[in-house]
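Chemist: The numbering used here numbers the first residue of the sequence shown as 5 and each following residue consecutively.
Ideal placement from N, C-alpha and C gives every residue a C-beta, glycine not left out.
Since we're looking at a predicted model, the values are computed, not measured.
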Amino acid sequence: MMLEELRKKAIYQNSIEIWIGISEEQKIDWVNTDNYQKFIAFLLKNELSMKQMTICFDESDNASYGGHSKKVFANNLAAINDVNSHCYSIKLKDSAIELIRTFVL
């Protein structure tokens, strides 16, 4: 249900927001960068159409979810500098949501 809520906000979403959404649905701790990298590797392996993008948080941005900072999470990913740690833009069409929901750790 979380992914449909994201799609209502905007059809294109960044992979961090999608990761948080699927983590919520599957009861996964979203702040684990290793798990995020496994998620992105899964999407790349399954050839989901994604465009790499830059996420920028300014110092006043206190965006958080579940008590954790999205900014800190994004900065932790940026420090890894691997294809699986990048942020991507993803069109949340039905087929993309179906694929995303098949991800399991």
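Could you tell me the alpha carbon to alpha carbon distance between Met5 and Gln30, rounded to whole angstroms?
Modeler: Within the sequence shown, the letter at position 1 stands for residue 5. Within the sequence shown, the letter at position 26 stands for residue 30. Cα to Cα, the separation comes out at about 11 Å.
Chemist: Can you confirm whether the segment 13–32 touches the segment 83–100 when touching is taken to mean that 3 or more C-beta pairs between the two stretches lie within less than 8 Å?
Modeler: With a cut-off of 8 Å, the segment 13–32 and the segment 83–100 count as touching, because enough Cβ pairs lie within range.
Chemist: Enumerate in chain order the residues of its own chain whose CB-to-CB distance from Gln41 is below 6 Å, with the five nearest sequence positions on each side excluded.
Modeler: Here residue 41 refers to the residue found at position 37 of the sequence shown. Around Gln41: Asn88, Ser89.
Chemist: How long is the line joining the alpha carbons of Asp1 and Leu48, rounded to whole angstroms?
Modeler: It is not possible to answer for residue 1, since the shown part of the chain is limited to 5 through 109.
Chemist: Assuming Ile84 contacts Thr37 (C-beta within less than 8 Å), just tell me the rounded distance between them.
Modeler: Here residue 84 is taken as the residue at index 80 of the sequence shown, counted from 1. Here residue 37 is taken as the residue at index 33 of the sequence shown, counted from 1. Rounded, the Cβ-Cβ distance is 7 Å, consistent with contact.
Chemist: Please list the segments of the alpha helix (DSSP H) lying wholly inside the segment 8–53, counting only runs of 4 or more residues, in order along the chain.
Modeler: Runs of the alpha helix (DSSP H) inside the segment 8–53: 19–30, 37–49.
Chemist: Spatial neighbours of Thr58 within its chain, please: CB distance less than 8 Å, with the 5 preceding and 5 following residues excluded, ordered by chain position.
Modeler: Walking along the sequence shown from the start, residue 58 turns up at place 54. Answer for Thr58: Cys91, listed in chain order.
Chemist: Which stretch, first to last residue, makes up the beta strand (DSSP E) that contains Ser113?
Modeler: Because residue 113 is not part of the residues shown, which for the chain are 5 to 109, the question remains open.
Chemist: Quick check: is any heavy atom of the ligand MN less than 7 Å from the C-beta of Ile26?
Modeler: Absent from the structure shown: the ligand MN. Ligands present: none.
Chemist: Could you tell me which residues DSSP puts in a beta bridge with Ser97?
Modeler: In the sequence shown, the residue the question calls residue 97 occupies position 93. The identity of residue 97 in the sequence shown is Lys, whereas the question assumes Ser. DSSP output for Lys97 lists no bridge partner at all.
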